[in-house]
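Have a look at the structure below, then the notes.
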Amino acid sequence: MPPQVWPSSPRLCPGWSPCWKVVAPLLALRVRSLRLSNGGARTLRSGDAPGRRVHRLSKVAILTRLLRSVSAPFFAPAGRLTYVTAARIHPSADVDSDITLGDGVAIWHLAQVRSGAVLGENCIVGRGAYVGPGVEIGANSKIQNYALVYEPARLGAGVFIGPAVVLTNDHFPRAVNPDGTLKSGYDWELVGVTIEEGASIGARAVCIAPLTIGKWAMVAAGATVTRDVPDYALVAGAPAKRIKWVGRAGVPLESDGAHIWVCPLTGEKYEQKGERLVHSQDMKHEEK
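What follows is the structure, given as structure tokens:
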């Protein structure tokens, strides 16, 4: 099922306000009707035609999500809803009302985006992914299926987070305090992962906060990152170590003499200075 285009708020779409005041009660009646007709059971009706053998509880869930989506603008505090009307949110996604979504954002099945999160334009949040409270994600970034981006992560523009990646936020995690009581959200210090512009994190990699992944760096699938990664570095392993340099095109660079590296696809040149790499454009800025 493709994502739906949802109106964000009557403050953004004033002409729709009267429509939702009519639609919301009708949706509520439909949800109640489905629940009563199904008798609370979670099974298919035996009389349904093969093409209509739909899980009725799923209908209830989808309509309930729709009802919440269209009702929220009338009950949320003024100024809290900052959705953009062009954003697309699948009905099964769990999206808090006080988030900021840029134009063209898509949030897919079963994803969860928590309070205060900011997603730049054209961001994609895949199936089952999690974006924690206050997380900031730059424009044109992709969060793939089942990735976990815990607060207070900060992602730049054009960042790729592969399937099942984990960005942690607790360097020394415990479930309980020394006295045996269950830890609450106030009993430990949040630490975050910062991922700079254009960087890519491969599938099932784990980034142990606090650390920074540099611009256009690449983390191999399955790696465990425990320290900062320099710009343009390709790291792999557990713990992750640099094995090559990569360019903005995402392919390993080739040596072209002392301290000079060239992208085989674009011809762009990079200069190695110790344990860091500088793009030719950046070299010009440094010379100035």
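Here the working numbering is used: position 145 in the sequence shown is 141, and no number is missing along the way.
Note that the Cβ used here is the ideal one computed from N, Cα and C, for glycine as well.
Boundaries for histidine 86: no beta strand (DSSP E) harbours it, and the DSSP string shows neither H nor E there.
Residue state for glutamine 268 is assigned as strand, using DSSP reduced to three classes. Taking histidine 255 as the centre and dropping the five residues before and after it, the same chain places the C-beta of Glu267, Gln268 closer than 7 Å to its C-beta, in chain order. Non-local beta-carbon contacts of glutamate 193 in its own chain, meaning distances under 8 Å to residues more than five positions away in sequence, involve Gly134, Gly152, Ala153, Gly154, Val155, Lys211, Trp212 in chain order.
In the DSSP assignment, no residue is bridged to alanine 107.
DSSP places alanine 229 in the uninterrupted beta strand (DSSP E) bounded by 229 to 232.
Here the stretch 130 to 145 makes no contact with the stretch 167 to 182; the two share fewer than three CB pairs at distances below 8 Å. In this structure, glycine 198 lies away from alanine 229, with their beta-carbon atoms at least 8 Å apart. Here valine 109 really is in contact with valine 91; their C-beta atoms are around 5 Å apart, less than 8 Å. In the three-state scheme derived from DSSP, where H, G and I count as helix and E and B as strand, serine 196 is classed as strand.
Secondary structure at serine 251: strand, using DSSP grouped into helix, strand and coil.
Burial is judged here by how many other beta carbons sit within 10 angstroms of a residue's own beta carbon; leucine 163 has at least 16 and is buried. Note: glutamate 132 is bridge-paired with Val114, Arg150 in the DSSP secondary-structure output. DSSP, read as helix, strand or coil, puts aspartate 99 in coil. The C-beta distance from cysteine 119 to serine 137 rounds to 5 Å, short enough to meet the 8 Å contact threshold. For the set Gly253, Lys237, Gly181, Gly98, the Cα lying nearest the Cα of glycine 116 is the one of Gly98. Between valine 145 and isoleucine 85, the alpha-carbon positions lie close to 18 Å from each other.
Classified as buried, threonine 190 has 16 or more neighbouring CB atoms from the shown chains inside 10 Å of its CB.
In this structure, the alpha-carbon of glutamate 250 lies about 6 Å from that of cysteine 259. DSSP, read as helix, strand or coil, puts aspartate 183 in coil. Restricting attention to Asp166, Pro148, Gly263, the CA atom closest to the CA of glycine 246 is found in Gly263. Bounds of any beta strand (DSSP E) do not take in lysine 211, whose DSSP letter is neither H nor E.
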